[in-house]
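Student: My questions will all concern the structure given below.
Numbering (the working numbering), first residue to last: 5 to 770.
This is the structure we're talking about:
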């Protein structure tokens with residue numbers, strides 16, 4: 005039974021007749037083993053946790069985010085009462101669906117931490133709420149920054165000084181934030197060459213950006229006057245009041261571009277330009293020399309990016325003022341949502357609200373119903389297909405990450421995938437476009453082996469339709485999860501991936517992986533991870549229903565973890581994507597690690613029960629590397645809080661796996677003699693991977709003196725422990741009952757912990 009924190013002695017200790025040993029610790033997992041050093045006091049443990057906080061907290065945030073561990077009644081508070089309330093013992097069921105509510109909202113059975121919630125009983129916890137939240141405001145280092153976003157509604161609500169229209173005043177303020185020409189050109193070139201983009205057409209953004217300087221450059225010359233900015237803003241407000249017409253015909257791209265660039269520039273187009281500047285800023289390394297050329301607070305990458313992102317949001321507000329909807333506006337909402345996830349985290353309520361706005365706008369424009377009326381393929385028809393594929397995938401990915409219902413359903417859409425055409429081909433139109441379409445294979449893929457923006461949108465769109473069906477099972481009535489439906493979806497998902505052309509598939513056994521171009525490496529690797537993410541969700545459903553034994557689930561999680569670690573090991577090849585690493589950890593790293601941690605603990609607790617085969621050494625090494633990856637995430641990342649919490653949780657579970665000391669000092673009974681269990685030969689460590697040298701000793705999740713030989717020696721044989729008393733060991737994980745998954749305490753991720761050990765399979769060509 006879980007500890008109910010009854011004072012002065014909990015019921016669990018009374019039942020076990022160990023009243024004298026009943027103590028309350030602020031950090032239970034830091035308690036040394038019986039053979040270790042003398043126990044530290046609760047005050048010392050509390051002081052140790054306080055030393056690793058990533059930044060100074062205000063008094064208010066300290067009260068709300070730091071667990072209160074003191075058992076004194078006079079120190080009790082509503083917060084501690086909620087976190088330490090007694091629970092009603094019950095028998096855990098495999099059908100339990102985790103549901104968590106907190107300040108960050110509801111998180112359902114497919115969320116990033118669901119595997120931990122579903123298997124609480126494996127950690128010695130019967131029934132306790134685990135708060136999952138991402139209150140980014142508590143850790144936002146830019147709270148003092150004067151934000152355009154914070155002023156938007158105030159400026160639109162009433163009149164300002166000098167009788168100026170509030171819309172014009174807001175527009176003038178964001179126009180004043182426009183970068184100088186040199187900075188502007190540098191960021192746009194970086195965006196065009198380096199940034200991954202699916203929501204908007206890069207060429208269109210570059211053309212509109214150039215037209216800003218050619219048409220309105222006299223307003224942007226330094227020094228910029230208030231009157232000039234207001235005149236510029238007034239022009240954009242007047243243009244934005246006009247309905248944007250959509251041209252037709254084979255040469256529609258040039259007409260479409262002219263309708264909102266140059267003299268016809270609108271707020272939504274300026275927002276797309278600002279979004280390109282934001283993307284470029286976020287994709288640059290934090291210490292890039294570019295930021296040394298900036299003035300004032302713009303020397304800080306995060307400050308610069310947030311300032312540009314605020315301008316994007318202000319453009320959205322100004323565009324919405326006239327209650328008009330058009331294709332560039334929906335593209336802007338999609339891009340704004342992606343940027344918001346990078347700034348504030350994928351589980352932020354702001355992101356969830358913006359997703360709803362995007363989905364409502366896309367259906368209002370009719371993007372969800374693309375009827376084939378026999379008309380020829382044009383630039384606009386293909387762009388609409390591509391954009392809705394991206395939006396549909398966003399909806400499903402967000403639902404999977406949070407466990408909340410998706411807003412769109414494949415049952416109520418006329419889903420048409422974009423053809424696998426390059427941007428240049430659809431922009432050219434006419435015979436160029438017709439010839440390109442004629443060269444596609446029967447399934448609509450290009451035969452040149454090139455990965456275009458449409459290629460990625462098309463592939464992910466196909467996977468997202470299957471994911472929509474999977475979510476129906478995961479988030480719907482659990483009784484509908486029949487063996488027939490699960491096996492059908494497993495086969496359908498696998499077939500969907502197998503039907504992709506060979507140039508989209510990633511395999512570690514491919515000898516060409518090491519030398520493939522970085523962009524192909526990135527695109528194929530992430531597509532493989534997306535497929536495995538969807539498969540793992542189905543495998544978990546099948547395992548809970550006893551349809552499958554769990555071996556395929558473990559193998560799937562093991563491959564995901566390998567590939568996530570590979571991203572970190574090869575991070576120098578994909579510098580421009582490093583601002584997305586925290587999102588990848590939450591989507592791929594944490595769920596796979598949870599599955600593997602649960603299976604390792606189950607086999608340690610019940611070594612004689614049949615279960616899936618687990619490569620213990622490999623998994624422990626990769627879990628240790630994952631801890632290093634989570635620690636590597638910078639405080640500026642939107643999911644920094646969640647990565648910090650998950651790092652501590654995985655590390656503590658790994659501590660229990662590596663050091664499962666029995667809680668009792670009594671010798672094991674004679675009926676359970678120690679047995680020698682042979683361990684497989686540890687794999688060789690490649691110390692030269694991707695041009696980087698890595699140490700061969702793991703430095704995370706290990707206690708002093710624990711790793712003294714090959715990696716396999718870190719896992720004691722399961723039969724070497726007194727399994728009769730092993731239940732007490734798993735009870736040491738009661739801290740999971742009171743985890744607030746989005747709040748502190750946090751370790752300082754800037755300490756530069758050296759976690760450079762690496763294990764890799766020789767089959768991967770590295």
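Every residue gets a Cβ at the ideal spot worked out from N, C-alpha and C, and that includes glycine. The structure presented is a predicted model; accordingly, all values stated were derived computationally and were not measured.
Look at the alpha carbon of residue 731 and the alpha carbon of residue 466, and state the distance between them as a whole number of angstroms.
Tutor: What you label residue 731 is simply residue 727 of the chain shown in a count that begins at 1. What you label residue 466 is simply residue 462 of the chain shown in a count that begins at 1. Per-residue confidence for residue 731 stands at a pLDDT of 44, beneath the threshold of 50, marking its modelled position as unreliable; the derived number appears in the next sentence. So the two alpha carbons sit approximately 46 Å from each other.
Student: Leaving out the 5 sequence neighbours to the left and right, which residues in its chain are closer than 6 Å to residue 533 when beta-carbon positions are compared?
Tutor: Looking up residue 533 in the chain shown gives position 529. Here the set comprises 567 and 592.
Student: According to the Cβ coordinates, are residue 309 and residue 282 closer than 8 Å?
Tutor: For this step, residue 309 is matched to residue 305 along the chain shown. For this step, residue 282 is matched to residue 278 along the chain shown. Cβ distance < 8 Å, so residue 309 and residue 282 count as in contact.
Student: Quick check: the Cα distance between residue 306 and residue 286, rounded to an integer number of angstroms?
Tutor: As a working mapping, residue 306 is identified with position 302 in the chain shown. As a working mapping, residue 286 is identified with position 282 in the chain shown. Spanning the two alpha carbons is a distance of roughly 7 Å.
Student: What residue does the alpha helix (DSSP H) around residue 195 start on, and which one ends it?
Tutor: In the chain shown, the residue the question calls residue 195 occupies position 191. 185-198 is the extent of the alpha helix (DSSP H) around residue 195.
Student: Are the Cβ atoms of residue 244 and residue 323 separated by less than 8 Å?
Tutor: In the chain shown, counting from the first residue as 1, residue 244 sits at position 240. In the chain shown, counting from the first residue as 1, residue 323 sits at position 319. Against a cut-off of 8 Å, the Cβ pair of residue 323 and residue 244 comes out as a contact.
Student: As a quick exercise: from 355, 425, 365 and 346, pick the residue whose alpha carbon is nearest that of residue 329.
Tutor: Here residue 329 is taken as the residue at index 325 of the chain shown, counted from 1. The candidate whose alpha carbon is nearest that of residue 329 is 365.
Student: Do the stretch 582-592 and the stretch 628-646 make contact, defined as three or more Cβ pairs closer than 8 Å?
Tutor: Because the criterion of three Cβ pairs below 8 Å is met, the stretch 582-592 and the stretch 628-646 touch.
Student: So what does DSSP say about residue 182, is it helix, strand or coil?
Tutor: To locate residue 182, count along the chain shown from 1; it is residue 178. Looking at residue 182 - three-state DSSP - the assignment turns out to be coil, as it is neither helix nor strand.
Student: For residue 95, which of helix, strand or coil comes out of DSSP?
Tutor: Position 91 of the chain shown holds residue 95. With a pLDDT of 37 at residue 95, under the threshold of 50, the modelled position of this residue cannot be trusted, and the question is left open.
Student: With distances taken Cα to Cα, identify the nearest neighbour of residue 289 among 581, 643, 624 and 629.
Tutor: The sequence position of residue 289 within the chain shown is 285, counting from 1. Cα-wise, what sits closest to residue 289 is 581.
Student: Report buried or exposed for residue 451, applying the criterion of at least 16 other Cβ atoms within 10 angstroms of its Cβ.
Tutor: The sequence position of residue 451 within the chain shown is 447, counting from 1. Exposed, by the Cβ-count rule.
Student: Compare the Cα-Cα distances from residue 776 to each of 512, 397, 549 and 391 and report the closest residue.
Tutor: A question about residue 776 goes unanswered here, because the residues of the chain that appear run from 5 up to 770.
Student: Straight-line CA distance for residue 575 to residue 119?
Tutor: As a working note, residue 575 is residue 571 in the chain shown. As a working note, residue 119 is residue 115 in the chain shown. So the two alpha carbons sit approximately 27 Å from each other.
Student: Could you compute how far the alpha carbon of residue 271 sits from the alpha carbon of residue 390?
Tutor: Here residue 271 refers to the residue found at position 267 when the chain shown is read from its first residue. Here residue 390 refers to the residue found at position 386 when the chain shown is read from its first residue. Cα to Cα, the separation comes out at about 23 Å.
Student: Helix, strand or coil for residue 270? Go by DSSP, reduced to three states.
Tutor: Walking along the chain shown from the start, residue 270 turns up at place 266. Correct three-state label for residue 270: coil.
Student: Exposed or buried, which one is residue 462 when buried takes at least 16 other CB atoms within 10 Å?
Tutor: Translated into the one-based positions of the chain shown, residue 462 becomes position 458. By the neighbour-count rule (16 or more Cβ atoms within 10 Å), residue 462 is buried.
Student: In the DSSP output, what is residue 418 paired with across the bridge?
Tutor: If you number the chain shown from 1, residue 418 lands on position 414. DSSP lists 373 as partners of residue 418.
Student: Between the stretch 476-496 and the stretch 540-559, are three or more C-beta pairs nearer than 8 Å?
Tutor: The answer is yes - the stretch 540-559 touches the stretch 476-496, with three or more Cβ pairs under 8 Å.
Student: Express the C-alpha separation of residue 611 and residue 295 in angstroms, rounding to a whole number.
Tutor: Working through the chain shown from its first residue, we reach residue 295 at position 291. Working through the chain shown from its first residue, we reach residue 611 at position 607. The straight-line gap from Cα to Cα measures roughly 56 Å.
Student: So residue 178 and residue 319 are in contact, right, with Cβ under 8 Å, and what is the actual spacing, rounded?
Tutor: The count along the chain shown starts at 1 and reaches residue 178 at position 174. The count along the chain shown starts at 1 and reaches residue 319 at position 315. Going by Cβ atoms, the distance from residue 178 to residue 319 rounds to 7 Å, so yes, they are a contact pair.
Student: I need the DSSP call for residue 157, collapsed to helix, strand or coil.
Tutor: Stepping through the chain shown from its first residue, residue 157 is reached at position 153. Interpretation of residue 157 is limited by its pLDDT of 46, a score under 50 that renders its predicted location unreliable; no figure is taken from the coordinates.
Student: How would you call residue 643, buried or exposed, if buried means at least 16 neighbouring beta carbons within 10 angstroms?
Tutor: Counted from its first residue, the chain shown places residue 643 at position 639. With 16 or more Cβ atoms within 10 Å of its Cβ, residue 643 is classed as buried.
Student: With H, G and I counted as helix, E and B as strand and the rest as coil, what does DSSP make of residue 326?
Tutor: Counting from 1 along the chain shown, the entry for residue 326 is found at position 322. Residue 326 falls in the coil class under three-state DSSP.
Student: Could you tell me if residue 311 is buried or exposed, where buried requires 16 or more neighbouring beta carbons within 10 angstroms of its beta carbon?
Tutor: The residue given as residue 311 occupies position 307 in the chain shown. The residue in question, residue 311, is buried, as its Cβ has 16 or more Cβ neighbours within 10 Å.
Student: Would you report the Cα separation of residue 209 and residue 280, rounded to the nearest angstrom?
Tutor: Locating residue 209 in the chain shown gives position 205, where the first residue counts as 1. Locating residue 280 in the chain shown gives position 276, where the first residue counts as 1. Approximately 8 Å between the Cα atoms of the pair.
Student: With three or more C-beta pairs closer than 8 Å as the rule, is the stretch 407-422 touching the stretch 354-373?
Tutor: Touching, per the Cβ criterion.
Student: Determine the DSSP secondary structure at residue 494, reduced to helix, strand or coil.
Tutor: Taking the chain shown and counting its residues from 1, one reaches residue 494 at position 490. Residue 494: helix per DSSP, three-state reduction.
Student: In chain order, what residues of the same chain have a beta carbon less than 6 Å from the beta carbon of residue 601, not counting five sequence neighbours either side?
Tutor: As a working note, residue 601 is residue 597 in the chain shown. Excluding sequence neighbours, residue 601 sits near 657.
Student: Would you tell me roughly how many angstroms separate the C-alpha atoms of residue 408 and residue 276, rounded to the nearest one?
Tutor: Along the chain shown, read from residue 1 onward, the residue named residue 408 stands at position 404. Along the chain shown, read from residue 1 onward, the residue named residue 276 stands at position 272. Going from the Cα of residue 408 to the Cα of residue 276 covers about 29 Å.
Student: Can you list, in chain order, the residues of its chain whose CB lies under 7 Å from that of residue 397, leaving out five sequence neighbours each side?
Tutor: Numbered from 1 along the chain shown, position 393 holds the residue referred to as residue 397. Answer for residue 397: 464, 465 and 468, listed in chain order.
Student: Could you tell me the boundaries of the alpha helix (DSSP H) in which residue 465 lies?
Tutor: Position 461 of the chain shown, counted from the start, is the residue given in the question as residue 465. Unbroken alpha helix (DSSP H) run through residue 465: 457-479.
Student: Going straight from the alpha carbon of residue 445 to that of residue 268, what length do you get?
Tutor: Position 441 of the chain shown, counted from the start, is the residue given in the question as residue 445. Position 264 of the chain shown, counted from the start, is the residue given in the question as residue 268. The alpha-carbon atoms of residue 445 and residue 268 are separated by roughly 40 Å.
Student: Check for me: the alpha helix (DSSP H) holding residue 637 runs from which residue to which?
Tutor: Against the chain shown, residue 637 aligns to sequence position 633. From DSSP, residue 637 is part of no alpha helix (DSSP H); its letter is neither H nor E.
Student: Might you give, ordered along the chain, the residues of its own chain that have their beta carbon closer than 6 Å to the beta carbon of residue 596, omitting 5 neighbours on each side?
Tutor: Indexing the chain shown from 1 puts residue 596 at position 592. Around residue 596: 561, 564 and 565.
Student: Would you decide whether residue 256 is buried or exposed? Buried here means 16 or more other CB atoms lie within 10 Å of its CB.
Tutor: For this step, residue 256 is matched to residue 252 along the chain shown. The residue is buried, with at least 16 neighbouring Cβ atoms inside 10 Å.
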